[in-house]
Amino acid sequence: MTLHLASRILETLEQHGYEAYYVGGCVRDWLLSRPVHDIDICTNAHPGDVIRLFPDHVPTGLKHGTVSVRIDGQFFEVTTYRTEGKYEDYRRPAEVQFVSELKLDLARRDFTMNAMAMNREKELQDPFGGRDDLAKKLVRAVGEPLERFREDALRLLRCVRFAAQLGFSIEPHTLAAMQKTAPLLAHIAVERVREELNKMLASESPHIGCAIINETGLCGYSPVLQRLFRDAAAESWRVVHVQGLPQKWSLLLYAARFPAEESKAVCQLLKMSKRETEAIVGFVELLHRLQPRWDAPEPVEWGQLLLDAGWDTCEKLAGILRVCWWNQQAQTHSMMQTLVETYQAMPVRTIKELAVTGLDLQVALQKKAGEWIVHVLRALLVQTALHGLPNTPEALIEAAKKEVAQYEH
């Protein structure tokens, strides 16, 4: 998504006598030479005027002055300058009022870095010193910080996330206001909290986010989250080196010494999906099974792990272990090589690849179906994959007879 494409919207509005600017995060990212993603536009044109000028549109938020305009198949949000009334739920204003002055619109925004606007000629409107704060690497609230956080408590976590994404510090008055208003985070929907925490963990400096959460007491409303970020803090620098959110969460949980059941409780608290929860808890279980110590590599017996968890999971687990042993890269390289070699050397990797089925065993052993079948098939898989048992019906049935005798004994 480019500013060049969106400039056609600004040009059309200007040709009809209106002001129009790029605003918010896209301006911040452009100034920082970061990739520009969501491009927002603000204007003194009212929503009805925008609809009239751009027939290809979607009225996404008329109540708040927003119209989504489509240009070459891409949507851009165009919002009328506005001020906001009293916030009644620590999240959204009860009402908005359209205004004609850009500065009034910028004054309602969260942080100075997001309260800048830029026209087509790249001329900046920066009434609150956002560009200076970018240069100083500071996250600073617009105006009175206490008011900004009391208006919208999610801004507390957004502040943490921006600091983590950009490697910034938080301006002292803003930080003090975060500490005072931290309890308000309890009013925010857990889905929004999860979204911000995910973005923080996926950022370039998640350890900065963890440190700010601990310093400000943002998770004080939730003892389990408070303990998670406190106890994981020392090793949170490792999270950036792990690929994938489930792996990042599992490393954080392991660093905080959370067992599988407590890890599952965290996932449920944050209303993660069943799939996400199973992935995170699965990695935590495997980590506790191996008990890796920080930067102290040990040989990994990949054979049984591959049979239990499969290639995809083991490959991701190896990525987590590599980060657990980050300061010992030579040994972690050999670990990855051992994983690949072990997998390639296995003559069979799943029960389906065995030369007999459960029905074959019933017939050969003249036994009724029961739990014994799964037990025996798993035992045959281990013997065939790891211990040299030939994958032939004759050899497997003979081994099955011995396994059944032990199972029933």
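Position 329 of the sequence shown, counted from 1, bears residue number 329 in our numbering, the numbering being contiguous throughout. Glycine included, every Cβ here is placed at the ideal spot set by N, Cα and C.
- Message: Assuming contact is defined by CB atoms lying nearer than 8 Å, are Met113 and Gly130 in contact in what I supplied?
- Response: Your numbering for residue 113 matches position 113 in the sequence shown. Your numbering for residue 130 matches position 130 in the sequence shown. Yes, Cβ-Cβ distance for Met113 and Gly130 is below 8 Å.
- Item | Three-state secondary structure (DSSP) of Glu88 | Translated into positions along the sequence shown, residue 88 becomes position 88. Three-state DSSP puts Glu88 in coil, outside helix and strand.
- Message: Please give the ranges of any alpha helix (DSSP H) in the region 288–362, keeping only runs that are unbroken, at least 4 residues long and fully inside the region.
- Response: Entirely contained in the region 288–362, the alpha helix (DSSP H) runs reaching 4 residues are, in chain order, 302–309, 311–324 and 329–345.
- Pick out whichever of Arg155, Gln329 and Glu403 has its Cα sitting closest to the Cα of Leu361. Here the question's residue 361 lines up with position 361 in the sequence shown. It is Glu403 whose Cα lies nearest to the Cα of Leu361.
- Proximity below 8 Å, CB of Thr43 to CB of Val96: Locating residue 43 in the sequence shown gives position 43, counting from the first residue. Locating residue 96 in the sequence shown gives position 96, counting from the first residue. No, the pair does not count as a contact, with Cβ atoms beyond the cut-off.
- Start-end ranges of the alpha helix (DSSP H) lying completely within the region 4–61, minimum 4 residues: Runs of the alpha helix (DSSP H) inside the region 4–61: 25–31 and 47–53.
- Message: Just to check my reading of the structure: Leu32 and Leu134 have Cβ atoms closer than 8 Å, yes? What is that Cβ distance to the nearest angstrom?
- Response: Counting from one through the sequence shown, the residue named residue 32 turns up at place 32. Counting from one through the sequence shown, the residue named residue 134 turns up at place 134. With a contact defined as Cβ atoms closer than 8 Å, Leu32 and Leu134 qualify at about 6 Å.
- Touch test, the region 161–174 against the region 208–219, Cβ-Cβ under 8 Å, three pairs minimum: Taking a cut-off of 8 Å on C-beta distances, the region 161–174 touches the region 208–219, as three or more cross pairs fall below it.
- Please list, in chain order, all residues of the same chain as Ala255 whose beta carbon is under 8 Å from its beta carbon, the five residues on each side excluded. Your numbering for residue 255 matches position 255 in the sequence shown. If we look at Ala255 and ignore the five residues flanking it on each side, its Cβ neighbours are Asp231, Ala232, Ala234, Glu235, Ser236 and Arg238.
- Own chain partners of Leu386 with C-beta closer than 6 Å, once the 5 adjacent residues on each side are dropped: By one-based count along the sequence shown, residue 386 stands at place 386. In chain order, Gly303 place their CB closer than 6 Å to the CB of Leu386, counting only its own chain and leaving out the 5 sequence neighbours on each side.
- Task: Could you spell out the range, first to last residue, of the beta strand (DSSP E) harbouring Phe258?
- Result: Position 258 of the sequence shown, counted from the first residue, corresponds to residue 258. Careful: Phe258 lies outside any beta strand (DSSP E) and carries neither H nor E.
- Assigned secondary structure, Ile213 (DSSP; H/G/I helix, E/B strand, else coil): As a position in the sequence shown, residue 213 is number 213, starting the count at 1. Here Ile213 sits in helix by DSSP.
- With a floor of 4 residues, list each alpha helix (DSSP H) that falls wholly inside the region 137–180, ordered by position along the chain. Listed in chain order, the complete alpha helix (DSSP H) runs (minimum 4 residues) inside the region 137–180 are 145–151 and 154–166.
- Message: Since Phe258 and Leu228 should fall inside the 8 Å C-beta cutoff, what is the C-beta to C-beta distance between them, to a whole number of angstroms?
- Response: Locating residue 258 in the sequence shown gives position 258, where the first residue counts as 1. Locating residue 228 in the sequence shown gives position 228, where the first residue counts as 1. Their Cβ separation, rounded to whole angstroms, is 7 Å, which keeps Phe258 and Leu228 in contact under 8 Å.
- Between which two residues does the alpha helix (DSSP H) carrying Arg77 extend? Mapped onto the sequence shown, residue 77 falls at position 77. Reading the sequence as shown, one finds Glu at residue 77 and not Arg. Unbroken run through Glu77 is the beta strand (DSSP E), Gln74 to Thr80; no alpha helix (DSSP H).
- Reference Ile373, options Ala399, Asn391 and Val190, closest by Cα: Position 373 of the sequence shown, counting from 1, holds the residue named residue 373. Put simply, of Ala399, Asn391 and Val190 the residue whose alpha carbon is nearest the alpha carbon of Ile373 is Ala399.
- Item | Proximity to Ala182 [Cα-Cα], best of Gln383, Glu191 and Leu154 | In the sequence shown, residue 182 corresponds to position 182, counting from 1. Out of Gln383, Glu191 and Leu154, Leu154 has the C-alpha closest to the C-alpha of Ala182.
- Item | Rounded straight-line distance, which links the Cα of Gln406 to that of Gly358 | In the sequence shown, counting from the first residue as 1, residue 358 sits at position 358. In the sequence shown, counting from the first residue as 1, residue 406 sits at position 406. Rounded to the nearest angstrom, the two C-alpha atoms are 18 Å apart.
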